[in-house]
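Listed in order, the protein sequences are those of chains A and B. By our numbering, the letter at position 21 of the first sequence is numbered 554, and the numbering carries on one by one without gaps. By our numbering, the letter at position 10 of the second sequence is numbered 40, and the numbering carries on one by one without gaps. C-beta: ideal position from N, C-alpha, C; glycine also. Since the structure is predicted, the reported quantities are computational estimates derived from the model, not experimental observations.
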Amino acid sequence: SQELEQSPQSLIVQEGKNLTINCTSSKTLYGLYWYKQKYGEGLIFLMMLQKGGEEKSHEKITAKLDEKKQQSSLHITASQPSHAGIYLCGADRDNQGGKLIFGQGTELSVKP
Amino acid sequence: DTGVSQDPRHKITKRGQNVTFRCDPISEHNRLYWYRQTLGQGPEFLTYFQNEAQLEKSRLLSDRFSAERPKGSFSTLEIQRTEQGDSAMYLCASSLDGGIAKNIQYFGAGTRLSVL
């Protein structure tokens with residue numbers, strides 16, 4: 534079983550619509566990282582959350598970490614075709630700033 | 031370009047052959063990571079280095095896999111006697127050292143391995 538569960542696994546939205554991707558763990562997350570991946574390419578860092586209740590935004594993307602530090606969400610406002618790709622959450626479970634474990638990813642398609 | 035560089039981008043090999051991949055991290059980063067990713071899955075951790083020291087290896091890393099970072103700069107990942115199950119994207123990442131806040135890992139474009 535995945536240590537990090539992402540939902541949904543895939544998502545198709547109309548351009549201009551808002552959407553939310555969730556990342557859930559049964560254990561405390563000491564650092565939560567969101568990445569975006571284009572098919573066949575490497576991961577691009579989006580945001581990192583560390584404190585319970587923390588929220589960060591960049592352009593039209595907002596990421597939140599809940600108070601218990603077991604769930605994070607990524608919200609995209611007014612989606613555009615350029616937002617299409619695979620979104621991955623990664624977490625430091627050991628609190629040592631080392632390896633990350635990842636969810637299985639959420640594939641986002643944005644229809645123009 | 032000062033990002034993480036991986037070479038080659040694609041490798042096709044026959045079962046039983048040995049392959050070697052190279053990763054050049056961001057120059058000031060002293061941590062270097064290797065991950066493996068299969069279709070429809072997130073990356074799985076393989077191993078990581080702090081400078082030239084290999085600090086952790088996953089149980090996924092069988093004895094056919096070996097990684098080195100001899101001078102604390104670039105790293106190589108070698109797979110001996112490749113099997114079809116080794117077909118995957120091999121990703122390299124690098125980061126600073128200094129706890130969670132500095133552990134933002136920057137990834138290369140990956141090496142896609144196909145074992146025939």
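| Item | Value |
| --- | --- |
| In this structure, how does DSSP classify residue 627 of chain A when only helix, strand and coil are distinguished? | coil |
| So, does the CB of residue 73 of chain B fall closer than 7 angstroms to a CB anywhere in chain A? | yes |
| Mind pulling the chain A residues with CB within less than 8 angstroms of residue 104 of chain B? | The contacting residues do not exist; residue 104 of chain B stays about 17 angstroms from chain A at best. |
| Keeping to the same chain, check which residues put their C-beta closer than 7 angstroms to that of residue 538 of chain A; ignore five residues upstream and five downstream. | 557, 636 |
| Name the chain A residues that come within less than 9 angstroms of residue 108 of chain B, Cβ to Cβ? | Simply none; closest approach about 20 angstroms. |
| In terms of residues, what are the limits of the beta strand (DSSP E) holding residue 75 of chain B? | 74-80 |
| In chain order, what residues of the same chain lie with their CB nearer than 6 angstroms to the CB of residue 616 of chain A, ignoring the 5 residues before and after it? | 609, 643 |
| Taking residue 73 of chain B as the reference, which of A/641, A/639, A/633 has the closest Cα? | A/633 |
| Tell me the DSSP secondary structure of residue 140 of chain B in three-state form. | coil |
| Just the chain A side, please: which residues come within less than 9 angstroms of residue 115 of chain B by C-beta, in chain order? | Going along chain A, no residue has its Cβ under 9 angstroms from residue 115 of chain B, so there is no contact; the nearest lies around 19 angstroms. |
| Could you tell me if residue 141 of chain B is buried or exposed, where buried requires 16 or more neighbouring beta carbons within 10 angstroms of its beta carbon? | buried |
| Quick check on residue 114 of chain B: does DSSP put it in helix, strand or coil? | helix |
| Can you check which of these residues, B/113, B/60, B/117, is closest to residue 67 of chain B by C-alpha distance? | B/117 |
| Kindly confirm or deny that the segment 102-113 of chain B and the segment 55-65 of chain B touch, where touching means at least three C-beta pairs closer than 8 angstroms. | yes |
| Measure the beta-carbon distance from residue 595 of chain A to residue 587 of chain A and round it to whole angstroms, keeping in mind my assumption that it falls under 8 angstroms. | At roughly 11 angstroms, the Cβ-Cβ gap does not stay under 8 angstroms, so residue 595 of chain A and residue 587 of chain A are not in contact. |
| Where does residue 96 of chain B fall in DSSP's three states? | strand |
| Given this structure, state the Cα-to-Cα distance separating residue 98 of chain B from residue 548 of chain A, to the nearest angstrom. | 46 angstroms |
| Give me the Cα-Cα distance between residue 85 of chain B and residue 550 of chain A, rounded to the nearest whole angstrom. | 44 angstroms |
| Leaving out five residues before and five after residue 575 of chain A in sequence, what residues of the same chain have Cβ atoms less than 6 angstroms from its Cβ? | none |
| Can you give the Cα-Cα distance for residue 580 of chain A and residue 127 of chain B, rounded to whole angstroms? | 18 angstroms |
| Along the segment 562-591 of chain A, where does the CB come closer than 8 angstroms to a CB of chain B? Name the residues. | 563, 564, 566, 568, 573, 574, 575, 576, 577, 578, 581, 583 |
| Starting from residue 612 of chain A, follow the beta strand (DSSP E) in both directions and report where the run begins and ends. | No beta strand (DSSP E) holds residue 612 of chain A; DSSP gives it neither H nor E. |
| Can you list, in chain order, the residues of its chain with a C-beta nearer than 6 angstroms to that of residue 555 of chain A? Leave out the 5 residues immediately preceding and following it. | 540, 606 |
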